[in-house]
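J.: Quick one: the structure is below, and I'll ask about it shortly.
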Amino acid sequence: MGYYLGIDLGGTNIKAGVVDDEFRIVGRAKAKTGMPRPAEEVMDAMAECAGKAAEDAGVFWEQIERIGVGVPGTANEDTGVVEYANNLMFENVPVRAYLQEKLHKEVDITNDANAAAVGEVLAGAAKGASNAVAVTLGTGVGGG
Numbered sequence: 027m028g029y030y031l032g033i034d035l036g037g038t039n040i041k042a043g044v045v046d047d048e049f050r051i052v053g054r055a056k057a058k059t060g061m062p063r064p065a066e067e068v069m070d071a072m073a074e075c076a077g078k079a080a081e082d083a084g085v086f087w088e089q090i091e092r093i094g095v096g097v098p099g100t101a102n103e104d105t106g107v108v109e110y111a112n113n114l115m116f117e118n119v120p121v122r123a124y125l126q127e128k129l130h131k132e133v134d135i136t137n138d139a140n141a142a143a144v145g146e147v148l149a150g151a152a153k154g155a156s157n158a159v160a161v162t163l164g165t166g167v168g169g170g
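Read left to right, the sequence shown gives residues 27 to 170 (this note's numbering).
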């Protein structure tokens, strides 16, 4: 059985969750984003939160097949760079490269509202829907 890890980077909190191959949540972790602080410290906290979620799930790190990261603001999915996130004071931060090096896993990155929308279509309230919209409310407001 394979497992996937998702990280939600917010202006207030970092949340991580592990799901199995049927999208059942099997582990979670949460930490404060702790802004303002340097991007490297935030990404280190993301990596630590990911490890705690895997531990909570009771899975070995080797069982995690891939990691998805949702970030506020403008995320370039091709380069893995957060081009701009005002509530994090991120500008051209290479989140994917940093986390791939730190966690030794493939990492996908997208806007957090888009990640929420995909999650709802795959396993949530919009499962089976041909069209869906997600609106996110947190430190900021977004839509995907």
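The C-beta atom is built at its ideal place from N, Cα and C for all residues, glycine as well.
Would you call the CB atoms of Arg92 and Tyr30 closer than 7 Å?
T.: The answer is yes: Cβ separation under 7 Å.
J.: Under 8 Å: do the stretch 35-52 and the stretch 77-97 share three or more Cβ pairs, one atom per stretch?
T.: These segments touch.
J.: Could you tell me if Asp34 is buried or exposed, where buried requires 16 or more neighbouring beta carbons within 10 angstroms of its beta carbon?
T.: Looking at its Cβ environment, which holds 16 or more other Cβ atoms inside 10 Å, Asp34 is buried.
J.: So what's Gly77 in DSSP terms, helix, strand or just coil?
T.: Correct three-state label for Gly77: helix.
J.: Taking Val107 and Val119 to be in contact with their CB atoms under 8 Å, please state how far apart those CB atoms are, rounded to whole angstroms.
T.: Between Val119 and Val107 the Cβ distance is about 7 Å, and since that is below 8 Å, they are a contact.
J.: From the DSSP output, in three-state form, read off Glu109 for me.
T.: Strand at Glu109.
J.: Name the one or two DSSP bridge partners that Tyr30 has.
T.: Per DSSP, Val45, Arg92.
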